[in-house]
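In full-length UniProt numbering, the protein residues as written are 1 to 220.
The C-beta atom is built at its ideal place from N, Cα and C for all residues, glycine as well.
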């Protein structure tokens, strides 16, 4: 059997949302819980289950439950081993339509997922997701003067200022340190710092708009 909402008190909210649908400013149906707008009301009702935890579609083989009948159909193929989608080029078969579509790109060379930071493109959503994670975790900030790499822009900025900027120290003998050095930022270093700030702003904008789940495709 499917599961009812595990969240106490949400059943009344769900009933209100499904029986009296709110309309978005541009038309369509709006979720009464998070405000997300859907073109079709039945899509909104399916979305509501992500809030309520309701899973009305159950597998007869293992009793695993799902929010959508389409997802149940795909799951059942893990039991029946049915693979109804076949590639016309090599006759390889797949259980899901979106997996077939991804495979076809190995023949066509199509790479529809592009990275906005480095302009690389990828054939699958999972590949570009891994690539975007690399932008967050790797030493992607490279000093244009000495090629040393850094994991954060702040570290690179400090490096440019401390290592590649000249200091005004004419009043002290050569080889002696001064307690108060006035940094004279070279024009090239200043340009690098300004470019770095622009790239950082662009990256922050890019990451703030990152899609966190794969775009909806036909998975049946």
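Assign residue 147 to one of three DSSP states: helix, strand, or coil.
Looking at residue 147 - three-state DSSP - the assignment turns out to be coil, as it is neither helix nor strand.
Rounded to the nearest angstrom, what separates residue 130 and residue 122 at their Cα positions?
So the two alpha carbons sit approximately 10 Å from each other.
What's the C-alpha gap between residue 106 and residue 94?
Roughly 14 Å between the two C-alpha positions.
For residue 47, which residues from the same chain have a beta carbon less than 7 Å from its beta carbon, with the 5 sequence-adjacent residues on both sides left out?
Answer for residue 47: 31, 36 and 38, listed in chain order.
Of the residues 104, 162, 88 and 119, which one's Cα is nearest the Cα of residue 135?
Out of 104, 162, 88 and 119, 119 has the C-alpha closest to the C-alpha of residue 135.
Starting from the Cα of residue 61, find the closest Cα among 128, 41 and 78 and give me that residue.
Residue 78 is the option with its Cα nearest to residue 61.
Select from 81, 128 and 161 the residue whose C-alpha is nearest the C-alpha of residue 143.
The residue with the shortest Cα to Cα distance from residue 143 is 161.
Quick one: grab the DSSP three-state call for residue 65.
Correct three-state label for residue 65: strand.
Hey, how far is the Cα of residue 65 from the Cα of residue 52?
Using only the alpha carbons, I get a separation of about 14 Å.
Taking the CB atoms as reference points, tell me whether residue 100 and residue 85 lie closer together than 8 Å.
In this structure, residue 85 lies closer than 8 Å to residue 100 by Cβ.
Unbroken beta strand (DSSP E) runs of length 3 or more, entirely within the segment 38-88: which are they?
DSSP runs (the beta strand (DSSP E)) wholly in the segment 38-88: none.
Expressed to the nearest angstrom, what Euclidean distance is found between the alpha-carbon atoms of residue 126 and residue 110?
Each residue's Cα considered, the two are about 15 Å apart.
Under a three-way DSSP split, which group does residue 93 fall into?
Residue state, collapsed to three classes: strand.
What span of residues does the alpha helix (DSSP H) with residue 157 cover, start to end?
First-last of the alpha helix (DSSP H) with residue 157: 153-163.
Assign residue 132 to one of two classes, buried (16 or more other C-beta atoms within 10 Å of its C-beta) or exposed (fewer than that).
So residue 132 ends up on the buried side.
Please classify residue 147: is it buried, with 16 or more other beta-carbons within 10 angstroms of its beta-carbon, or exposed?
That one is exposed.
Which class does residue 33 belong to by DSSP, given the choice of helix, strand or coil?
Coil, per DSSP.
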